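Peer 1:
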Amino acid sequence: MPYDAILTIRDEADAFLRAARRGLGPPVPGCPDWTVRELTQHLGSVHRFHTRHVTRAVADPPEPFVVQLPHDDELLTWFDTGVDELLIALNSTPLDGPAWNWATHTPQVLAFWPRRMALETAVHRWDAESAYGDSSPFDLAVALDGVDELLTVMGPMKPLADRLSGVVAVRPTDDEASWSVRLGQGRWELVEGGAADAVFQGTAATLLLALWGRVPAGTVSSGDPALIAVFTS
Numbered sequence: 001m002p003y004d005a006i007l008t009i010r011d012e013a014d015a016f017l018r019a020a021r022r023g024l025g026p027p028v029p030g031c032p033d034w035t036v037r038e039l040t041q042h043l044g045s046v047h048r049f050h051t052r053h054v055t056r057a058v059a060d061p062p063e064p065f066v067v068q069l070p071h072d073d074e075l076l077t078w079f080d081t082g083v084d085e086l087l088i089a090l091n092s093t094p095l096d097g098p099a100w101n102w103a104t105h106t107p108q109v110l111a112f113w114p115r116r117m118a119l120e121t122a123v124h125r126w127d128a129e130s131a132y133g134d135s136s137p138f139d140l141a142v143a144l145d146g147v148d149e150l151l152t153v154m155g156p157m158k159p160l161a162d163r164l165s166g167v168v169a170v171r172p173t174d175d176e177a178s179w180s181v182r183l184g185q186g187r188w189e190l191v192e193g194g195a196a197d198a199v200f201q202g203t204a205a206t207l208l209l210a211l212w213g214r215v216p217a218g219t220v221s222s223g224d225p226a227l228i229a230v231f232t233s
C-alpha cells in the first residue's frame, strides 16, 4: 500500500507542531526523561542532520554535526524551518543517487531517507500528542510501512543471543500483510510463513507502537516471551 513519504513528512511535522504549540513542558510518556521541549529539539536536530548529509550525495559516513539549539521562543519556528530544508534536500536529489545510511545491509542511496524521515516524524508526532493524552491515529499505509521497516531494516541489525531460536509471526488485523522472522544462531532472517513460536497480532498501528516500545508487548503478543522480548527491546 503506497504513500507519499514527502507529503507525510510535511503532514506529520505540521501535526507535531500543533501539539507542541500547546506547551513545551509536559513529559512525553514514550520517551522517558523528555518533555515536549526535548522531543522537539531531538526531532528538529534529526531533520537538520539528515538534510546536511543527503545533500553531500556520497555514501561515506558524514562527519559529526552539532546542531545549535535555539531558545524556547524560537524553537517551533526553528523546527518548521528545518522541515522545509529537509524537504528541499530530499526533493532536489535523485532517489537512486548515493547517500549514506546506517543500515549497511541496505542500498546506500537517497531513497532510504524519505521513508526513514516520514516514519521518524510520524512516531514522534504520536509521542508529542501523547503528552496531552490524545494521540491521533496513523494512516494505515504509514503504519504498515513502519512495521515493515522495523522488521526488514532495523531487525537484522539487532544483536541477538546465540541461544535464541524460533519463528515470530507478525500479523496486522487490519490488512492482509504478514511477516515471519526466524531467529537463530545470532541471526534475524525474514522467512515465508510456516509455524510460529510467538505471534504479534493487532492493528498495524498497535504493532508499530509495540515494536517501538510505546505500548506493552503483552497487548499484542503470545507465545515464547524470550522471543517477544527481542522485538520490543
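Residue numbers 1 to 233, in the working numbering, belong to the letters of the sequence shown in order.
Here a beta-carbon is modelled for each residue, glycine too, at the ideal position from N, C-alpha and C.
Computed from a predicted structure; not experimentally measured.
Could you tell me whether the stretch 190 to 207 touches the stretch 218 to 227, where touching means 3 or more Cβ pairs closer than 8 angstroms?
Peer 2: A contact exists between the stretch 190 to 207 and the stretch 218 to 227.
Peer 1: What's the gap between the Cα of Thr93 and the Cα of Glu192?
Peer 2: Counting from one through the sequence shown, the residue named residue 93 turns up at place 93. Counting from one through the sequence shown, the residue named residue 192 turns up at place 192. The straight-line gap from Cα to Cα measures roughly 35 angstroms.
Peer 1: For Val28, which of Arg18, Arg21, Leu39, Pro107 has the nearest alpha-carbon?
Peer 2: Here residue 28 refers to the residue found at position 28 of the sequence shown. Out of Arg18, Arg21, Leu39, Pro107, Leu39 has the C-alpha closest to the C-alpha of Val28.
Peer 1: If you draw a straight line from the alpha carbon of Trp100 to that of His53, how long is it in whole angstroms?
Peer 2: Along the sequence shown, one-based indexing puts residue 100 at 100. Along the sequence shown, one-based indexing puts residue 53 at 53. For Trp100 and His53, the distance between alpha carbons rounds to 8 angstroms.
Peer 1: Quick one: grab the DSSP three-state call for Glu192.
Peer 2: Residue numbering aside, residue 192 sits at position 192 when the sequence shown is read from its first letter. Three-state result, Glu192: coil.
Peer 1: At what residue ranges does the stretch 123 to 192 contain a whole run of the alpha helix (DSSP H), taking only runs of 4 or more?
Peer 2: Those alpha helix (DSSP H) runs which fall completely within the stretch 123 to 192 and span 4+ residues are 140 to 149.
Peer 1: Alpha carbon to alpha carbon, how far is Ser165 from Pro42? Give it in angstroms, no decimals.
Peer 2: If you number the sequence shown from 1, residue 42 lands on position 42. If you number the sequence shown from 1, residue 165 lands on position 165. Residue 42 is actually His in this sequence, not Pro. Distance between the alpha carbons of His42 and Ser165 is about 36 angstroms.
Peer 1: Could you tell me whether the Cβ atoms of Gly97 and Ala57 are closer together than 8 angstroms?
Peer 2: The sequence position of residue 97 within the sequence shown is 97, counting from 1. The sequence position of residue 57 within the sequence shown is 57, counting from 1. Going by C-beta atoms, Gly97 is nearer than 8 angstroms to Ala57.
Peer 1: Are Pro62 and His105 touching if we call contact CB-CB under 8 angstroms?
Peer 2: Taking the sequence shown and counting its residues from 1, the one referred to as residue 62 is at position 62. Taking the sequence shown and counting its residues from 1, the one referred to as residue 105 is at position 105. The answer is no: Cβ separation not under 8 angstroms.
Peer 1: So, for Arg125: in the same chain, excluding its five sequence neighbours on each side, which residues have a beta-carbon less than 6 angstroms away from its beta-carbon?
Peer 2: For the purposes of this step, residue 125 is taken as the residue at position 125 of the sequence shown. Once the five neighbours on either side are set aside, the close Cβ partners of Arg125 are Glu12, Ala15, Phe16.
Peer 1: Quick one: measure Cβ to Cβ for Glu85 and Arg115, integer angstroms, because I've assumed they're closer than 8 angstroms.
Peer 2: Here residue 85 corresponds to residue number 85 of the sequence shown, with the count starting at 1. Here residue 115 corresponds to residue number 115 of the sequence shown, with the count starting at 1. About 18 angstroms; that fails the 8 angstroms criterion.
Peer 1: Tell me, to the nearest whole angstrom, how far the beta carbon of Leu208 is from that of Ala143; I am working on the premise that it is less than 8 angstroms.
Peer 2: The count along the sequence shown starts at 1 and reaches residue 208 at position 208. The count along the sequence shown starts at 1 and reaches residue 143 at position 143. Right, the Cβ-Cβ distance comes to about 5 angstroms (below 8 angstroms), so this counts as a contact.
Peer 1: Can you tell me whether Ala226 is helix, strand or coil according to DSSP?
Peer 2: To locate residue 226, count along the sequence shown from 1; it is residue 226. Residue state, collapsed to three classes: helix.
Peer 1: Under the rule that 16 or more other beta-carbon atoms within 10 Å means buried, what is Pro172, buried or exposed?
Peer 2: Residue 172 sits at position 172 when you count from the first residue of the sequence shown. Buried, by the Cβ-count rule.
Peer 1: Tell me which residues share the same chain as Val170 and place their Cβ nearer than 6 angstroms to its Cβ, disregarding the 5 neighbours each side in the sequence.
Peer 2: Position 170 of the sequence shown, counting from 1, holds the residue named residue 170. Closer than 6 angstroms at Cβ, skipping near neighbours: Trp179, Phe200.
Peer 1: What are the boundary residues of the alpha helix (DSSP H) that includes Arg20?
Peer 2: Position 20 of the sequence shown holds residue 20. Note that residue 20 corresponds to Ala in the displayed sequence, not to Arg. Ala20 -> alpha helix (DSSP H) spans 5 to 20.
Peer 1: Have a look at Ala19 and Asp162 and give me their C-alpha separation to the nearest angstrom.
Peer 2: Walking along the sequence shown from the start, residue 19 turns up at place 19. Walking along the sequence shown from the start, residue 162 turns up at place 162. About 43 angstroms.
Peer 1: Around the C-beta of Trp188, are 16 or more other C-beta atoms found within 10 angstroms, so that it is buried, or is it exposed?
Peer 2: Translated into the one-based positions of the sequence shown, residue 188 becomes position 188. So Trp188 ends up on the buried side.
Peer 1: Thinking just about the alpha-carbon of each residue, which of Asp60, Val36, Asp4 is nearest to the one in Val109?
Peer 2: Here residue 109 refers to the residue found at position 109 when the sequence shown is read from its first residue. It is Asp60 whose Cα lies nearest to the Cα of Val109.
Peer 1: Please list, in chain order, all residues of the same chain as Asp72 whose beta carbon is under 8 angstroms from its beta carbon, the five residues on each side excluded.
Peer 2: Stepping through the sequence shown from its first residue, residue 72 is reached at position 72. Result list for Asp72: Leu24, Arg37, in chain order.
Peer 1: Give me the Cα-Cα distance between Asp134 and Arg214, rounded to the nearest whole angstrom.
Peer 2: By 1-based counting over the sequence shown, the position of residue 134 is 134. By 1-based counting over the sequence shown, the position of residue 214 is 214. Going from the Cα of Asp134 to the Cα of Arg214 covers about 14 angstroms.
Peer 1: If you follow the beta strand (DSSP E) that Phe200 is in, where does it begin and where does it stop?
Peer 2: Your numbering for residue 200 matches position 200 in the sequence shown. 198 to 202 is the span of the beta strand (DSSP E), which, as asked, contains Phe200.
Peer 1: Using 7 angstroms as the cut-off, classify the Cβ of Val167 as near or not near the heavy atoms of the ligand SAH, replying yes or no.
Peer 2: What this structure holds is no ligand at all, so the ligand SAH is not there to describe.
Peer 1: Let me check one thing: in DSSP terms, what residues is Val109 bridge-paired to?
Peer 2: As a working note, residue 109 is residue 109 in the sequence shown. According to DSSP, Val109 bridges with Pro98.
Peer 1: Tell me the rounded alpha-carbon separation between Thr206 and Ala122.
Peer 2: Within the sequence shown, the letter at position 206 stands for residue 206. Within the sequence shown, the letter at position 122 stands for residue 122. When rounded, the distance between both Cα atoms is 14 angstroms.
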